[in-house]
Amino acid sequence: MVRLNKKLDPTQTGQDAEKLSVDLHKRIVGQDQAIDQIVNVYQMYLAGMNSPGRPVGNFLFLGPTGSGKTRLVEATAESLVGDARAMIKIDCAEFQHSHEIAKLIGSPPGYLGHRETHPLLSQEVLNQYDTEKIKLSFVLFDEIEKASDALWNLLLGILDKATLTLGDNRRVDFSHALIFMTSNLGASEMGSILRPNLGFATSEIEARHRAGQLDEATTDKVSRAGVEAARRKFTPEFMNRIDKVVVFKPLGQTELKKILGLELGILQTRIFNSSMTTPFVFSVTESAKDYLLREGTDMKYGARHLKRAIDRELVHPMSNLIATQQVRGGDLVKVDFDEEDNHLTFAKEAEDMPAYAMMQMAEATANSQPGIMTANAVAEPPRVAARQRRTPAA
Ligand SMILES: Nc1ncnc2c1ncn2[C@@H]1O[C@H](COP(=O)(O)OP(=O)(O)OP(=O)(O)O)[C@@H](O)[C@H]1O
Ligand SMILES: [Mg+2]
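Shown next, in the form of structure tokens:
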């Protein structure tokens, strides 16, 4: 034995947890605390330190609509098993009656249609995205405040013992699952702190929130309002089974601006991955981005409002341009803002662009946005290049 007095650093994370953290920060804006909690739990799982006989982690996500709660679960699945579809999402409001609960757990043998029902929460479904290295599932119970008593009881069993008994008495093991529950409870209390004089002149707090410059005291107050609302509604029995209650911050303009960048990158990737023979690239001027941001800013609906604005102002017109063949593969489309008419304009700036030039442009769009999908953009070149080879540009 060698006696030592070597100082250790427990704040360091392992490489795998670090990768998860980097991936999540690239995809999720302004919710660092939520990301940290997931990374911590994942690190515990990797080190074999999480409690046996319980799910890997039980998270309760609170906070306003469009603040990234669902997106964070998708992004975690994307990062860990390479597919956002690995997330099993249960909309609690849809499972009110016993025949609806049967969709989740199947019906007992002997019931009409027993053989035809494939329970949504079977072991096969849970394990379907397992890889050699990672055996994890991601189960999201959305809007849990709307769960019926029967669903609530199922949920308590999963949270506590990591097991669920199906209609035919088979057991499903959730000890390799991350359980996420979301609720908008407390969102209105949080909103009234941020928008105290609704309908009247903009308060100072609201102005700071818009600008993304909320002070720490107000952020804490908003978080506490969320947690208190949850404590009032949910039983202590339930709250005690949660490992982490995370309150998502309402997003301000600074965050929405970053999300706009992310979404433009995601749209470009979607165009590259679409079934068109050759993809095209687009560039969006600063004034066009400002317009999208103005149209897409609504403090109440967070990024949902922004996404609707992007769909309406950018995606729909672009789809028309593609459908009418005004835009074709290999084109460079410039999106600008017409101040006089107050709308976006689309112009073809080049055509027959070689694949490498398109890739460079797409990456530049991606990299000019803070935290944007570089991972996706960079991962795509081979497919683009392959398509381009099949239909060489003139
Ligand atoms: N913090 C964020 N970072 C990056 N993108 C975000 C963020 N918040 C929202 N978005 C974008 O907005 C979309 C809607 O957000 P999301 O579905 O995560 O909302 P939510 O918080 O689950 O809201 P709800 O309570 O209505 O379900 C996401 O798919 C994503 O594109
Ligand atoms: Mg959601």
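Going letter by letter, the sequence shown gives residues 1 to 394 in our numbering.
Just so it is clear, CB atoms sit at the ideal spot from N, CA and C, and this is done for glycine as well.
Source: prediction; values computed, not measured.
- A distance below 6 Å between beta-carbons, with the five flanking residues on each side excluded, links Ala77 to the following residues of its chain, in chain order: Ala84, Ala86, Met87 and Phe138.
- Here DSSP, grouped into helix, strand and coil, assigns Val333 to strand.
- In this structure, ligand 2 has no non-hydrogen atom nearer than 6 Å to the beta-carbon of Lys307.
- Taking every protein chain shown into account, the CB of Leu8 has fewer than 16 other CB atoms within 10 angstroms, so this residue is exposed.
- In the structure shown, Thr11 adopts coil according to DSSP, grouped into three states.
- Counting along the chain, the unbroken alpha helix (DSSP H) around Phe238 starts and ends at Pro236 to Met239.
- It is roughly 20 Å from the alpha-carbon of Met299 to the alpha-carbon of Leu72.
- Within the region 18-73, the beta strand (DSSP E) runs of at least 3 residues that lie entirely inside it are, in chain order, 57-62.
- With fewer than 16 other CB atoms across the displayed protein chains lying within 10 angstroms of its CB, Gln325 is exposed.
- Inclusion of Gly186 and Leu62 in the CB contact set at 7 Å is warranted, their separation being smaller than that value.
- Less than 7 Å separates the beta-carbon of Glu263 from that of Ile310.
- The Cβ atoms of Val56 and Glu255 lie no closer than 7 Å to each other.
- Beta-bridge analysis with DSSP links Asp298 to no other residue.
- Counted as a single uninterrupted DSSP element, the stretch harbouring Arg170 is not any beta strand (DSSP E), since DSSP gives it neither H nor E.
- At the C-beta level, Gln123 and Val172 come within 7 Å of one another.
- For Leu121 and Pro108, the gap between their C-alpha atoms comes out near 15 Å.
- Here Arg54 is buried. Its C-beta has 16 or more other C-beta atoms within 10 Å.
- Residue environment for Gly110: exposed (fewer than 16 other C-beta atoms within 10 angstroms of its C-beta).
- DSSP lists Asp142 as the beta-bridge partner residues of Asp91.
- In this chain, the beta strand (DSSP E) harbouring Leu178 covers Ala177 to Ser183.
- Taking the Cβ atoms as the reference, Leu332 lies roughly 4 Å from Ala350, within the contact range of under 8 Å.
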